[in-house]
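What follows is a set of notes on a single structure, which appears directly below.
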Amino acid sequence: MANDPFDYAPAPESRSVVDIKSSYGLFINGEFVAGGGKSFKTISPSTEEVLSEVAEADADDVDKAVKAARRAYSRVWSRMSGAERGKYLFRIARIIQERAREIAVLESIDNGKPIKESRDVDIPTAAAHFFYYAGWADKLEHAGFGPDPQSLGVAGQVIPWNFPFLMLAWKIAPALATGNTVVLKPAETTPLTALLFAEICQQADLPPGVVNIVTGAGTTGQALVSHEDVDKVAFTGSTAVGRAIARAVAGSRKKVTLELGGKAANIVFDDAPIDQAIEGIVTGIFFNQGHVCCAGSRLLVQESVAEEVLERLKRRMGTLRVGDPLDKNTDVGAINSDRQLQRIRELADVGEAEGAGRWSPTCDLPDHGFWFPPTIFTGVSQAHRIAREEIFGPVLSVLTFRTPKEAVEKANNTPYGLSAGIWSDKGSRTLWMAGQLRAGVVWSNTFNKFDPASPFGGYKESGYGREGGRHGLEGYLKGGQ
Amino acid sequence: MTLLSSAGSFTDATSSDASLHRFLHGLPGVDQVGVEQRAAGLGTRSIKTSAKEFAIDLAIRMVDLTTLEGSDTPGKVRALASKAMRPDPADQTCPPVAAVCVYPDMVPFAKETLGASGVRVASVATAFPSGRAARDVKLADVNDAVDAGADEIDMVIDRGAFLAGRYLEVYEEIAAVREACARPDGRSAHLKVIFETGELQTYDNVRRASWLAMLAGGHFIKTSTGKVQPAATLPVTLVMLEAVRDFREATGQMVGVKPAGGIRSTKDAIKYLVMVNETCGPDWLDPDWFRFGASTLLNDLLMQRTKMTTGRYSGPDYFTLD
Chain A
8 MANDPFDYAP APESRSVVDI KSSYGLFING EFVAGGGKSF KTISPSTEEV LSEVAEADAD
68 DVDKAVKAAR RAYSRVWSRM SGAERGKYLF RIARIIQERA REIAVLESID NGKPIKESRD
128 VDIPTAAAHF FYYAGWADKL EHAGFGPDPQ SLGVAGQVIP WNFPFLMLAW KIAPALATGN
188 TVVLKPAETT PLTALLFAEI CQQADLPPGV VNIVTGAGTT GQALVSHEDV DKVAFTGSTA
248 VGRAIARAVA GSRKKVTLEL GGKAANIVFD DAPIDQAIEG IVTGIFFNQG HVCCAGSRLL
308 VQESVAEEVL ERLKRRMGTL RVGDPLDKNT DVGAINSDRQ LQRIRELADV GEAEGAGRWS
368 PTCDLPDHGF WFPPTIFTGV SQAHRIAREE IFGPVLSVLT FRTPKEAVEK ANNTPYGLSA
428 GIWSDKGSRT LWMAGQLRAG VVWSNTFNKF DPASPFGGYK ESGYGREGGR HGLEGYLKGG
488 Q
Chain B
3 MTLLSSAGSF TDATSSDASL HRFLHGLPGV DQVGVEQRAA GLGTRSIKTS AKEFAIDLAI
63 RMVDLTTLEG SDTPGKVRAL ASKAMRPDPA DQTCPPVAAV CVYPDMVPFA KETLGASGVR
123 VASVATAFPS GRAARDVKLA DVNDAVDAGA DEIDMVIDRG AFLAGRYLEV YEEIAAVREA
183 CARPDGRSAH LKVIFETGEL QTYDNVRRAS WLAMLAGGHF IKTSTGKVQP AATLPVTLVM
243 LEAVRDFREA TGQMVGVKPA GGIRSTKDAI KYLVMVNETC GPDWLDPDWF RFGASTLLND
303 LLMQRTKMTT GRYSGPDYFT LD
């Protein structure tokens, strides 16, 4: 857009609303404490600027956190009435709304995602989750899990870096509503909003120990999920780590929910509302730089309209604005880490080597930080690695199909099964397709829509258990699964 | 469903009521939720400083300054025309608006004041706003306006015929009005085709009406008369912008778009310009291809313009009321 007469001037969101401390401890038993172990740096992926030094919890720290959670569980939280628990959750939800701008800016700085996304999606949806589960807290006996559902105890929760604050809400809100206490480990590249949430817990006067936050990397997570006094493990992240967790807890009493990878098909029929389908393809893969487990990373387009869809998609991609996450007009932000950028580059190179056609719009990428342009691969078949492996970046593989049956076969021909999208004006076929697709979520004429009332989770290697909605309560109650 | 078929097939499309029906109903559908979400998304663009200055001046140049009241008089129209030429008497750098839009009998007074200023005179016609009259009455209405010197004719389509599925009738009427826009000297008045989208109601209808009007030779497609609620909305305009973009892709011809009614603030106007920019591209960012049908919008644009240059907001009394 170099010759654009209507050149949008920079519109940066102010950073003054956030106060990042030079170092952070662990949040255990309602207080920030120094960890016994080492510390690590968290950086801004858009500039590589060091933001803060964060404590890395070792096994002893994790043990202290679990003990604090156990104490809070047996002495306070499990004895409290549902209505009282609900009041705390409502209070937290309101504080999130009040401090929404601060959380959104901090999230964009630490994660690299565009401010318009953290501001308009992540943080409002996180608040909505707390509101939603606050409402369940005193109605659990009506949730369909028996007359007197019982909480589990201490939940050990490990969350990813793609939606740090939203995933925290998905984990903590249902756990607290059902009467459990929590030890949560945020991802090592994005710890800051979880630590801000710790402040929110203090502000809400949440009893000490009900929520504990331990920062760190894989070892810390391992110590948490394998701790013997943890009753419940909830994990969102890669399938490889999910497998390791399942192995580690096998044979124990721990209840587990895993939300893992995906390679979702976004299926466009020849009678699709075409302009909206193009938007859906763009949202499906370029939303959050494609760092979305349910991203529509495989576009299955009916052969008769493939050429036209691609032309329109390319034209639309030309208007995507890649750059400063804090600019209010940015559509695509920074890749979260150097490691992830290497992974995306590697797989994109494989796609090229395997003979797929690579295309990106011309866009100037900043000199510092981690960036990858929105990219599509055409002429991809099921045999290509880029059609099978989760890239977790702004890279779309385009495949074609001829009939609805072929679309179903190709869509299901993956070890994953988290989500899918169908674009068609024909309701009867959409419903038939939805019944055939082995995916936890199937969107019709939309994509990447999230609502706290709607359950979310996977088939096959995309994990098990559901989060969100009434179903999301089950993972935190005795019985079931 | 391929839109990018050759222009030749469009002649076939308009050969009978049945083929026109097939063509219009073969256009890709519009998903309501999706188009509204896209329009809302574009509405969150943040246009600041230099971009805002550019947008405000462009918006002023795109205004069709309108008065369409039963109480209109030569005096009222002359005053409006003066304002059209010099929207901000205190600031010589302020550009004039695109046109003044009036009823046919007011055209001579507007013309007289505007002279060779470059500001055009647009006249509504064809039994505006309802369009409920016999065709020869509508054409006589157009002839009157054209004879009086109108540079642009804003016609209304027969929504009754459209909703009853008599597409060919609507098509032929637009084509007939287009012919009536011709002058003996060969210069034709430009034709804007008003759909009254508030009465068509669905986005699918808006897309069909857009193609129908473009096939029939309309120079501009326009949302509303301003007499029916809702008038212009962002998603309706988005569907029309997509239609003109696709029409150029298919035929090479550009058609203009004019949202009218209900656009009152600078903020709203800028949202429209962002939508034009990101849907059709910069080619449409010109008064020849995009207009705002409005009356109160102009003063808000002027107020924001003054704020950009002076850094202060001044009261409404500092801007003329015409």
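Protein chains in written order, with this note's numbering: chain A, 8 to 488; chain B, 3 to 324. Cβ coordinates follow ideal geometry from the N, Cα and C atoms, glycine included. As the structure is a computational prediction, the values presented were derived from the model and not from experiment.
(request) For Ser212(B), decide whether its Cβ has a neighbour in chain A, counting only Cβ atoms nearer than 7 Å. (result) no
(message) For a quick check, are the C-beta atoms of Ala241(A) and Gln164(A) less than 7 Å apart?
(response) yes
(request) Identify whether Arg305(A) lies in helix, strand or coil by the three-state DSSP scheme. (result) strand
(request) Can you pull the chain B residues whose beta carbon is under 8 Å from the beta carbon of Asn1(A), in chain order? (result) Given that chain A is displayed from residue 8 to residue 488, the structure contains no residue 1(A) and the question cannot be resolved.
(message) I want to see whether chain A comes within less than 7 Å of Asn279(B), judged by CB atoms only; does it?
(response) yes
(request) Work out the CA separation of Val123(B) and Thr385(A) for me, nearest whole Å. (result) 51 Å
(request) Can you have a look at Asp302(B) and say buried or exposed, based on whether 16 or more other CB atoms are within 10 angstroms of its CB? (result) buried
(request) Note down, in chain order, all residues in the segment 9-33 of chain A with a beta-carbon under 7 Å from any beta-carbon belonging to chain B. (result) Asp11, Pro12, Phe13, Asp14, Tyr15, Ala16 and Ala18
(message) Can you tell me where the beta strand (DSSP E) holding Gln164(A) begins and where it ends?
(response) Val161 to Val165
(request) Select from Phe377(A), Gly330(A) and Glu318(A) the residue whose C-alpha is nearest the C-alpha of Arg346(A). (result) Phe377(A)
(message) Only counting the same chain, and skipping five residues up and downstream in sequence, which positions put a Cβ closer than 7 Å to that of Val37(B)?
(response) Tyr205, Pro237, Leu240 and Val241
(message) Suppose you measure from the CA of Val66(B) to the CA of Ala211(B); what does that come to, to the nearest Å?
(response) Note on identity: in this sequence residue 66(B) is Asp, with Val being the wrong assignment. Each residue's alpha carbon lies about 22 Å from the other.
(request) Since I believe Asp160(B) is in contact with Lys194(B) (beta carbons under 8 Å), could you give me their beta-carbon distance rounded to a whole number of angstroms? (result) No, Lys194(B) and Asp160(B) are not in contact; Cβ-Cβ is about 16 Å, not under 8 Å.
(request) Can you have a look at Ala9(A) and say buried or exposed, based on whether 16 or more other CB atoms are within 10 angstroms of its CB? (result) At Ala9(A) the pLDDT is 45, less than 50, meaning the model places this residue with poor confidence; the figure from the coordinates comes in the next sentence. Ala9(A) is exposed by the Cβ-count criterion.
(request) May I have a chain-ordered list of the beta strand (DSSP E) segments no shorter than 3 residues that lie completely inside the segment 195-255 of chain B? (result) 222-224
(message) Let's test the definition: count the other Cβ atoms within 10 Å of the Cβ of Arg86(A) and tell me whether it reaches 16, buried, or not, exposed.
(response) exposed
(request) Assuming Asp11(A) contacts Pro284(B) (C-beta within less than 8 Å), just tell me the rounded distance between them. (result) 6 Å
(message) For Ile398(A), which residues in the same chain have their Cβ closer than 8 Å to its Cβ, ignoring the five residues on either side in sequence?
(response) Gly297, Ser304, Arg350, Ile351, Leu354 and Ala355
(message) Need the endpoints of the alpha helix (DSSP H) that Ala284(A) sits in, please.
(response) Ile281 to Phe293
(request) Spell out whether any CB of chain A is found under 7 Å from the CB atom of Arg161(B). (result) no
(message) Under 7 Å, Cβ to Cβ, is there at least one residue of chain B near Gln534(A)?
(response) The structure shown has nothing for residue 534(A), since chain A only spans 8 to 488.
(request) Tell whether a beta-carbon distance below 7 Å holds between Ala150(A) and Arg436(A). (result) no
(message) Quick check: the Cα distance between Glu41(A) and Gly223(A), rounded to an integer number of angstroms?
(response) The sequence shown places Ala at residue 41(A), not Glu. Straight-line Cα distance between these residues: approximately 13 Å.
(request) Compile a chain-ordered list of the residues in the segment 280-301 of chain B whose CB is closer than 7 Å to at least one CB of chain A. (result) Glu280, Pro284 and Leu287
(request) Report the rounded CA-to-CA distance for Ala218(B) versus Gly31(B), giving the unit in angstroms. (result) 21 Å
(message) Per DSSP, what are the beta-bridge partners of Arg319(A) in this structure?
(response) Partner(s): none; Arg319(A) has no beta bridge.
(request) Going by DSSP, name the residue or residues bridged to His192(B). (result) Glu154(B)
(request) Show which residues of chain B have a CB atom less than 9 Å away from the CB atom of Ala114(A). (result) Per the sequence shown, the amino acid found at residue 114(A) is Glu instead of Ala. Chain B residues near Glu114(A): none, gap ~17 Å exceeds 9 Å.
(message) Report the CB separation of Asp143(B) from Thr128(B) in whole angstroms; it is logged as a contact under 8 Å.
(response) 6 Å
(message) Just to confirm before moving on: does the CB-CB distance between Gly472(A) and Gly482(A) stay below 7 Å?
(response) yes
(request) Please classify Arg323(A): is it buried, with 16 or more other beta-carbons within 10 angstroms of its beta-carbon, or exposed? (result) buried
(message) Using 7 Å as the threshold, is the C-beta distance between Ala180(A) and His234(A) below it?
(response) no
(message) My output table needs one value for Cys103(B): the three-state DSSP class, helix, strand or coil.
(response) strand
(request) Could you tell me if Arg106(A) is buried or exposed, where buried requires 16 or more neighbouring beta carbons within 10 angstroms of its beta carbon? (result) buried
(request) Anything in chain B within Cβ reach of Ala313(A), meaning under 8 Å, just list it in chain order. (result) By Cβ distance, chain B contributes nothing, its closest Cβ being about 11 Å from Ala313(A), past 8 Å.
(request) Find the residues of chain B that neighbour Thr453(A), judging by a C-beta separation of less than 7 Å, and give them in chain order. (result) Val35 and Gly36
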